[in-house]
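In mature numbering (1 follows the signal peptide of the UniProt record, and there is no 0), the protein residues as written are -19 to -1, 1 to 178.
Yeah, the Cβ is synthetic: ideal placement off N, Cα and C, and Gly gets one too.
Computed from a predicted structure; not experimentally measured.
Beneath this line is the structure, given in structure tokens, with notes to follow.
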């Protein structure tokens, strides 16, 4: 878990970005904070934190210090990657939309949202909607969803819901040229099953 000092340092850097720099195209234009409570402006990213720890952080530090919100890691069930052992990026290989990850379960997620909102801290979720997991043999997920390891997610998606040869013309259906908008939209990112949207 990132230390409190690390979280505060990241928040301070974000908060102190000069509004007149090249990244702010119209620094004089009035802007508003999306969904922030009155007088709150700064959002922190508590990547890979447990839901119970985020709830405690909202109550003990973020709320009292006037933070607007917390961006969290994807909360949906994902494929468990064992080699390397449980890397951060496994969170970006969803196998269902059940709220069950190594950060906690649906009940803990709900309690975190309630606790943070009680202290005027909003929750911003990193949502993965472009793709599902890579196709492997049957493997384990972080929740209860039964996944067959091929490009089929029973009760959610079948193989016809994903881009294939008709949409992607690369040899292995993976993106080869990130400058080619057709490939980026219709091919797989490193083998992740790309939803046909």
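Environment of residue i [buried if 16+ CB atoms lie within 10 Å]
i, result
"residue 56", "buried"
"residue 30", "buried"
"residue 108", "exposed"
Distance between residue j and residue i (C-alpha atoms, nearest Å)
i, j, result
"residue 68", "residue 62", "7 Å"
"residue 176", "residue 95", "32 Å"
"residue 104", "residue 154", "35 Å"
"residue 115", "residue 136", "18 Å"
"residue 22", "residue 122", "36 Å"
"residue 48", "residue 24", "6 Å"
"residue 35", "residue 150", "44 Å"
"residue 45", "residue 146", "54 Å"
"residue 159", "residue 171", "12 Å"
"residue 156", "residue 77", "24 Å"
"residue 58", "residue 20", "35 Å"
"residue 169", "residue 138", "16 Å"
"residue 16", "residue 53", "16 Å"
"residue 43", "residue 163", "42 Å"
"residue 98", "residue 134", "33 Å"
"residue 89", "residue 140", "33 Å"
Three-state secondary structure assigned by DSSP to residue i
i, result
"residue 96", "helix"
"residue 141", "helix"
"residue 87", "helix"
"residue 177", "coil"
Limits of the beta strand (DSSP E) - the one that residue i falls within
i, result
"residue 103", "103 to 106"
Start and end residues, alpha helix (DSSP H) containing residue i
i, result
"residue 165", "162 to 167"
"residue 24", "First-last for residue 24: 24 to 26, but that is the beta strand (DSSP E), not the alpha helix (DSSP H)."
"residue 38", "32 to 38"
- Using 8 Å as the threshold, is the stretch 30 to 44 in touch with the stretch 75 to 87, meaning 3 or more CB pairs across them? yes
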